[in-house]
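**Student:** Before anything else, here's the structure in question.
Residue numbers (our numbering), protein chains in the order written: chain A, 13 to 458; chain B, 88 to 490.
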């Protein structure tokens, strides 16, 4: 195996990623490809700085390790460094996908047949307003190895596959895009979604025909479970990532444990140990086993997410949230599967409690500063407790310091959305968002 | 059977700054190659990252002809090599610049917490084929990107600035830092007239979508049916430009080996829409000229979408364009953007008031709105002939406040 340098901490992440993609646009095959990439990141830490190197050549890992060690400053007491002391030493092999469910065993023909089936079932070429349609499939399978100078030896795998159909409708020179994307860890779960896609197609066609522009202002908003998932991720999830508050007294005082940060109805959890949700990990990219971390319980701040560095600086426990996009990136604190716990109200009761407001059905993306944002792609007016006409809304905004207090109803219909990819500091990470229908007394609508 | 090879060699060094301290030195050297064979109207493609035997890769590409990926167009020819690098930085030099930058920020702005990176990149993109095409484009730069947060701020970050140069001038970095930070805590009021001054890349995303020849042909572009018509202001001209000195790491050839005369192609001239952009496949399908707009699809046949749009600079400086008025410079405006109607709405989390060259103070949070046709039409003031604030080109445009 590898010879680790003395007086330094070091770890090595080796990854082999195999992908396949097939995409059809208006009847033409636009993509039909397979790739395979192997590479490694080598990290060395001397107690002051990290030194990292990326290579595709696995036979060069030892020499890269040695060259990094040569520029670091050996430290006889490295074992007692606060960060190094935090690292777990796990020896494990967790291969969920080395049997019949390995997506690498899916043939090109199977992939093409799946997409062709959905095209036949869901693309109605007689709809005059439909100007473009896209259908496709993609898969990725990763085997990750992790070795550290403390003795960790971990082998784990991860895979995702997905199928999607989307439509562009044009009415009055305005394009509206709608469709559905199904994604998960198992190929056989991608079948049987025809009616859901057709329902979505009809919903967005109706939206394209009938949506009216919203008047900007502050509104009572009801968020669908899918939107609550993104809201949870953007409004609070990013503030729970501890790496933003290290050595920052203002933020440490602002986010002190036990502080009331929201309505008693609000409880939020992050856990990487939720197989087979999209943010599942057997171990994080520092070799830590994932933990269930309650970030908020009944409106009170109870936890935050850590890598080894942030846990050591703040004197808290590891949570297993050090994640890297792939071997080309260093790990940092990231969410995994983050969700708002279900409440007791039915969605109908929540909507019935609104005289005049907005139902946010679906969103494209969001951002998570102090002022968080979401860009909806389908909203409805709520009048007298019932859904009314579709609305075009550009952006929904709120502030984390107020909005969690403004949640006055939480539904019993918790759903997970296993489609999300979170961006932070240039790295994209698969995550899962979850939540029930919720009502917020005030969000700003533009 | 013809052969073609697209290669991208990438060398990246980075010194990471966290909590106003140097935390990580990273190096990443990678080579991506796309081996392609063409036979009977089809392309066989094999993507490889890292080292691999060329003959084996071409054999795999040949095997992939079975996928029948269509490509019926003649391959390009030509020989040209362009090297735009001005100097290379050793790892030691990079570390010294990072140390100098952190020391400067820490000493002069102790009330702020800084993060970011100092990085050096070198990229060689090349393309060759069995008909004799032999192109390469080499470029490199040093970049400092700094995020900052006031110690009393309750937000994760308050803003950021960055400066990239082929031959790094540290004075330009300190000038930029001084401009952003020296008046940051001076709160000022929003001006009645909202004139936005910013780098315009974010505004051009909608034009990327609208000028795609396929969208124009299918009716999914807001500019469908408007070729030859006046769509924007007289002073608005839009060019695909891979020649200018401000273009980083952008090759002069496209993913099909097409090179434009003078490395430029104009799409909107004095407000009149000239054409959409199309690779050879799109051009053939919709009966429009191909414009050398093929992307470098390393794993499959080329796709339509390699454009490097630049709005033509005016003959006036930013200050002259402002003509005595003050501008608003958004430095953190996350969320929102253009909608399908071409309306632009974005909340601005952090913005600074400027006289065009120097920041005067920080503004309260607000939201901006506009419309693509107005922003590039009646509300378009121009692109300055100079590069104040950003060390880069920038648009001056009237917009409105939103809720």
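Heads up, the beta-carbon is just placed ideally off N, CA and C, and yes, glycines get one too.
(1) Can the beta-carbon of residue 350 of chain B be found closer than 9 angstroms to that of residue 330 of chain B?
(2) Assign residue 205 of chain A to one of three DSSP states: helix, strand, or coil.
(3) Does DSSP put residue 227 of chain B in a helix, a strand or coil?
(4) Rounded to whole angstroms, what is the Cα-Cα separation between residue 180 of chain B and residue 110 of chain B?
(5) CB-CB under 7 angstroms to residue 261 of chain A, same chain, minus the five flanking residues each way: which ones, in chain order?
(6) Do residue 314 of chain A and residue 331 of chain A have their beta-carbon atoms positioned less than 9 angstroms apart in this structure?
(7) Quick one: is residue 434 of chain B buried, meaning 16 or more other Cβ sit within 10 Å of its Cβ, or exposed?
(8) How many Å lie between residue 231 of chain A and residue 239 of chain A at the Cα?
(9) Within its chain, find whatever has a CB closer than 6 angstroms to the CB of residue 162 of chain A; leave out the 5 residues flanking it on each side and keep chain order.
(10) Check residue 260 of chain B in the structure and name its three-state DSSP category.
(11) What does a CB cutoff of less than 8 angstroms around residue 356 of chain A pick up in its chain, not counting 5 residues either side in sequence?
(12) Decide if residue 462 of chain A is buried, meaning its Cβ has at least 16 other Cβ atoms within 10 Å, or exposed.
(13) Step through the CB atoms of chain B and report whether any lies within less than 9 angstroms of the CB of residue 326 of chain A.
(14) I need the straight-line Cα distance from residue 345 of chain A to residue 441 of chain B, nearest angstrom please.
(15) Please state whether the Cβ-Cβ distance between residue 284 of chain B and residue 415 of chain B is less than 9 angstroms.
(16) Please decide whether residue 390 of chain B counts as near chain A, where near means a Cβ-Cβ distance under 9 angstroms.
(17) Throw me the rounded Cβ distance for the residue 144 of chain B and residue 133 of chain B pair, which I believe falls under 8 angstroms.
(18) According to DSSP, simplified to helix, strand and coil, what is residue 304 of chain B?
(19) CB-CB under 6 angstroms to residue 338 of chain B, same chain, minus the five flanking residues each way: which ones, in chain order?
(20) Determine, using beta-carbon pairs with one atom in the stretch 390-405 of chain B and one in the stretch 471-484 of chain B, whether at least three such pairs fall under 8 angstroms.
(21) How big is the Cα-Cα spacing for residue 185 of chain B and residue 102 of chain B?
(22) Counting only Cβ-Cβ distances shorter than 7 angstroms, please list the residues of the stretch 108-123 of chain B near chain A, keeping chain order.
(23) Using three-state DSSP, classify residue 240 of chain A as helix, strand or coil.
(24) Specify whether the stretch 452-471 of chain B and the stretch 190-210 of chain A touch according to this definition: at least 3 beta carbon pairs, one from each stretch, less than 8 angstroms apart.
(25) At what residues does the alpha helix (DSSP H) containing residue 184 of chain B begin and finish?
(26) Starting from the beta carbon of residue 228 of chain A, find every residue of chain B whose beta carbon is closer than 7 angstroms, and list them in chain order.
(27) Determine the chain A residues that contact residue 242 of chain B at a beta-carbon separation under 7 angstroms, and present them in chain order.
(28) Where DSSP assigns a beta bridge to residue 78 of chain A, which residues make up the other side?
(29) For the stretch 297-329 of chain B, list every residue whose C-beta sits within 9 angstroms of some C-beta in chain A, in sequence order.
(30) Is there a C-beta anywhere in chain B that falls below 9 angstroms from the one on residue 137 of chain A?
(31) Within its chain, find whatever has a CB closer than 6 angstroms to the CB of residue 33 of chain A; leave out the 5 residues flanking it on each side and keep chain order.
(32) Would you kindly report the start and end of the unbroken alpha helix (DSSP H) that includes residue 186 of chain A?
(33) Excluding five sequence neighbours on each side, which residues of the same chain lie with their C-beta closer than 8 angstroms to the C-beta of residue 378 of chain A?
(34) Once you ignore the five residues that flank residue 259 of chain B on each side, which residues in its own chain have a CB closer than 8 angstroms to its CB?
(35) Using a beta-carbon distance cut-off of less than 7 angstroms, what residues from the stretch 177-204 of chain A approach chain B?
(36) Hey, does residue 238 of chain B have any beta-carbon neighbour from chain A nearer than 9 angstroms?
**Tutor:** According to the structure shown:
(1) Yes, they are a contact pair.
(2) Residue state, collapsed to three classes: coil.
(3) Residue state for residue 227 of chain B is assigned as strand, using DSSP reduced to three classes.
(4) If I take the Cα positions, the gap works out to 16 angstroms.
(5) Around residue 261 of chain A: no qualifying Cβ.
(6) Cβ atoms of residue 331 of chain A and residue 314 of chain A: not closer than 9 angstroms.
(7) It counts as buried.
(8) Using only the alpha carbons, I get a separation of about 16 angstroms.
(9) Cβ within range, chain order: 99 and 101.
(10) DSSP places residue 260 of chain B in helix when its eight states are reduced to three.
(11) 422 and 424, listed in sequence order.
(12) Here chain A covers residues 13 to 458 and nothing more, so residue 462 of chain A does not appear.
(13) Taking Cβ atoms only, chain B never reaches closer than 9 angstroms to residue 326 of chain A, which makes this a no.
(14) About 36 angstroms.
(15) The answer is yes: Cβ separation under 9 angstroms.
(16) It does: the Cβ of residue 390 of chain B has a partner Cβ on chain A nearer than 9 angstroms.
(17) Contact holds; Cβ gap of about 5 angstroms.
(18) In the structure shown, residue 304 of chain B sits in a helix (DSSP, three-state: H, G or I).
(19) Excluding positions up to five away in sequence, the list reads 212 and 224.
(20) Judged by Cβ distances under 8 angstroms, the stretch 390-405 of chain B makes contact with the stretch 471-484 of chain B, as three or more pairs qualify.
(21) Residue 185 of chain B and residue 102 of chain B: Cα-Cα distance of roughly 7 angstroms.
(22) 109, 110, 111, 112, 113, 114, 115 and 117: these are the residues of the stretch 108-123 of chain B whose beta carbon lies less than 7 angstroms from some beta carbon of chain A, given in chain order.
(23) Here residue 240 of chain A sits in helix by DSSP.
(24) The answer is no - the stretch 190-210 of chain A does not touch the stretch 452-471 of chain B, with fewer than three Cβ pairs under 8 angstroms.
(25) First-last of the alpha helix (DSSP H) with residue 184 of chain B: 178-195.
(26) Near residue 228 of chain A (Cβ distances below 7 angstroms), the residues of chain B are 489 and 490.
(27) Per Cβ cutoff of 7 angstroms: 381 and 382.
(28) Answer is none; residue 78 of chain A lacks a bridge partner.
(29) Within the stretch 297-329 of chain B, those residues whose Cβ lies closer than 9 angstroms to any Cβ of chain A are, in chain order, 301, 302, 305, 306, 307, 308, 309, 311 and 312.
(30) It does not; no Cβ of chain B falls within 9 angstroms.
(31) The residues are 43, 45 and 150.
(32) From DSSP, residue 186 of chain A is part of no alpha helix (DSSP H) but of the beta strand (DSSP E) over 186-196.
(33) Excluding sequence neighbours, residue 378 of chain A sits near 242, 243, 245, 246, 384, 385, 386 and 387.
(34) Correct list, in chain order: 250, 252 and 478.
(35) Within the stretch 177-204 of chain A, the residues whose Cβ lies closer than 7 angstroms to some Cβ of chain B are 180, 182, 185, 186, 187 and 188, listed in chain order.
(36) So yes, residue 238 of chain B belongs to the interface.
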